[in-house]
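> First residue of the sequence shown? That's 5 in our numbering, and the numbers climb one at a time after it.
Quick reminder that beta carbons are idealized off the backbone N, C-alpha and C, glycines included.
Mind having a look at this structure? Questions to follow.
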Amino acid sequence: MACPPRDSTRRRALRAIGGVGVAALSGCLSPTSRSDRCPGSDEGTLDLDDATATGVSNEFSSPLDALPHATRVTVADALETEPGEATARGYYRPDPRSEFVVTGPEPRYYRLETTDHDRVRTTGYEYAVEIDADYPVFFDREAVRSFAELPAHDRESLRGAIGNAGLIHAPHYTSFSVVFAYEEVGARDRSAFIPGTDTRYLEWDGVPLRLTFEERRTVAIASTTVAAELVATSPSEFREYVGERRGVVLDSLPTDQREIVERAIDGTYAECEPYSEPFSDLRKRLSTGGDEAAPLVRYGGDWYFGHLG
Numbered sequence: 005m006a007c008p009p010r011d012s013t014r015r016r017a018l019r020a021i022g023g024v025g026v027a028a029l030s031g032c033l034s035p036t037s038r039s040d041r042c043p044g045s046d047e048g049t050l051d052l053d054d055a056t057a058t059g060v061s062n063e064f065s066s067p068l069d070a071l072p073h074a075t076r077v078t079v080a081d082a083l084e085t086e087p088g089e090a091t092a093r094g095y096y097r098p099d100p101r102s103e104f105v106v107t108g109p110e111p112r113y114y115r116l117e118t119t120d121h122d123r124v125r126t127t128g129y130e131y132a133v134e135i136d137a138d139y140p141v142f143f144d145r146e147a148v149r150s151f152a153e154l155p156a157h158d159r160e161s162l163r164g165a166i167g168n169a170g171l172i173h174a175p176h177y178t179s180f181s182v183v184f185a186y187e188e189v190g191a192r193d194r195s196a197f198i199p200g201t202d203t204r205y206l207e208w209d210g211v212p213l214r215l216t217f218e219e220r221r222t223v224a225i226a227s228t229t230v231a232a233e234l235v236a237t238s239p240s241e242f243r244e245y246v247g248e249r250r251g252v253v254l255d256s257l258p259t260d261q262r263e264i265v266e267r268a269i270d271g272t273y274a275e276c277e278p279y280s281e282p283f284s285d286l287r288k289r290l291s292t293g294g295d296e297a298a299p300l301v302r303y304g305g306d307w308y309f310g311h312l313g
């Protein structure tokens with residue numbers, strides 16, 4: 005049972021008529037539950053939304069400047085070396101959380117690969133950090149340490165914990181947690197926060213912080229090597245690169261499947277179970293396993309974001 009497509013034309017019509025005509029539109033387009041549209045069975049949907057080069061860039065890559073501190077520093081170091089590799093060691097290790105990073109102003113896209121090695125266990129000291137703390141102690145300047153006066157490894161731990169130092173000025177960001185963990189005895193001895201036993205006060209970029217000791221626990225320290233490979237030098241080239249590796253090309257489709265695809269473009273094609281043979285076969289072709297669709301779909305020379313429901 006195929007439902008009428010919820011395509012871009014109908015969406016524009018809904019926006020044009022506002023709420024007056026919504027109740028008059030029935031079937032798959034109306035904002036009813038799936039059980040209402042497909043009584044006694046489940047509904048399957050296919051959405052194909054225009055995948056612009058900018059959209060693909062935003063979806064699959066992260067700007068270098070937006071990476072967390074520990075990751076950004078190591079990735080930047082890797083990009084400056086001829087083999088495209090850099091290694092960092094510590095508790096706060098590089099974790100890109102994205103396979104691709106883009107640099108500017110002329111866009112250059114890199115594929116990142118990280119490898120952890122030489123892991124050891126050591127003692128970590130965790131503190132709860134309250135931002136913009138308003139306490140009488142801050143009127144006693146001798147009780148407050150400046151961020152710039154801290155040992156370099158303590159400063160790096162704080163930067164690694166918060167990820168983006170600018171967050172200390174964000175009204176919605178009021179606290180975070182930091183772990184000071186060092187494997188070298190000399191670094192532990194020089195730390196301003198080891199051993200953790202009490203509350204410390206800190207001023208960072210004009211913002212008062214209160215650090216309250218929480219616990220001492222065993223943590224892992226490891227080395228992480230980041231390898232960066234240049235894969236594209238423009239958003240359109242990057243879209244082709246990602247599409248070739250993660251996308252599905254829909255070509256040589258029979259007429260009934262072409263009709264389904266064209267109704268799903270910038271809209272939604274829906275059927276109730278049991279699906280028709282054309283829709284069932286098309287879902288299998290687009291699926292990467294289960295009900296997940298390939299993230300990119302090429303049809304008629306254009307790229308689309310694919311969504312199976």
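Tell me the start and end of each unbroken alpha helix (DSSP H) in the segment 63 to 142 that is at least 4 residues and wholly inside, in chain order.
Fully enclosed alpha helix (DSSP H) runs of 4 or longer: 73 to 83.
> Nearest-angstrom Cα distance between Leu323 and Tyr96?
Past the edges of the chain, shown from 5 to 313, lies residue 323, and the structure says nothing about it.
> Kindly indicate which three-state DSSP category Ile198 falls into: helix, strand or coil?
DSSP places Ile198 in coil when its eight states are reduced to three.
> How long is the line joining the alpha carbons of Ala268 and Phe242, rounded to whole angstroms?
For Ala268 and Phe242, the distance between alpha carbons rounds to 25 Å.
> Could you give the DSSP three-state label for Asp260: helix, strand or coil?
In the structure shown, Asp260 sits in a helix (DSSP, three-state: H, G or I).
> Give every residue of the same chain whose Cβ lies closer than 8 Å to the Cβ of Glu277, excluding the five residues on either side of it in the sequence, and list them in chain order.
Hits under 8 Å: Cys42, Ser45, Asp46, Glu47 and Gly48.
> Flag this pair as touching only if the segment 128 to 135 and the segment 209 to 225 have three or more C-beta atom pairs under 8 Å; answer yes or no.
Taking 8 Å as the limit for Cβ pairs, the verdict is that the segment 209 to 225 does touch the segment 128 to 135.
> Reducing DSSP to helix, strand and coil, say where His311 ends up.
Reduced to three states, the DSSP call for His311 is strand.
> DSSP on Tyr303, reduced to helix/strand/coil?
Tyr303 falls in the strand class under three-state DSSP.
> Give the DSSP-derived three-state secondary structure of Glu281 in the structure shown.
Note: Glu281 maps to helix in three-state DSSP.
> To the nearest angstrom, how far is it from the Cα of Thr203 to the Cα of Phe197?
Cα to Cα, Thr203 sits roughly 9 Å from Phe197.
> Rounded to a whole number of angstroms, what is the C-alpha to C-alpha distance between Glu63 and Pro175?
Approximately 27 Å, taken between the alpha carbons.
> Evaluate Gly210 with the Cβ neighbour count: other Cβ atoms within 10 Å of its Cβ, from every protein chain shown; 16 or more gives buried, anything less gives exposed.
Per the 10 Å Cβ criterion, exposed.
> Does the count of Cβ pairs from the segment 87 to 94 and the segment 216 to 230 closer than 8 Å reach three?
Because the criterion of three Cβ pairs below 8 Å is met, the segment 87 to 94 and the segment 216 to 230 touch.
> Using the C-alpha atoms, what's the distance from Val246 back to Ser12?
The pLDDT assigned to Ser12 is 38, lower than 50, so where the model puts this residue is not dependable; a value taken from the coordinates is nonetheless given after this. Rounded to the nearest angstrom, the two C-alpha atoms are 26 Å apart.
> Between the Cα of Glu233 and the Cα atoms of Tyr129, Glu160, Ala165 and Thr118, which residue gives the shortest distance?
The residue with the shortest Cα to Cα distance from Glu233 is Thr118.
> Which class does Thr49 belong to by DSSP, given the choice of helix, strand or coil?
Three-state DSSP puts Thr49 in a strand.
> Specify whether the segment 249 to 269 and the segment 280 to 298 touch according to this definition: at least 3 beta carbon pairs, one from each stretch, less than 8 Å apart.
The answer is yes - the segment 280 to 298 touches the segment 249 to 269, with three or more Cβ pairs under 8 Å.
> Buried or exposed: Glu110, going by 16 or more other Cβ atoms within 10 Å of its Cβ?
The residue is exposed, with fewer than 16 neighbouring Cβ atoms inside 10 Å.
> Tell me the DSSP secondary structure of Leu290 in three-state form.
DSSP places Leu290 in helix when its eight states are reduced to three.
> Please list, in chain order, all residues of the same chain as Pro299 whose beta carbon is under 6 Å from its beta carbon, the five residues on each side excluded.
Answer for Pro299: Arg250, listed in chain order.
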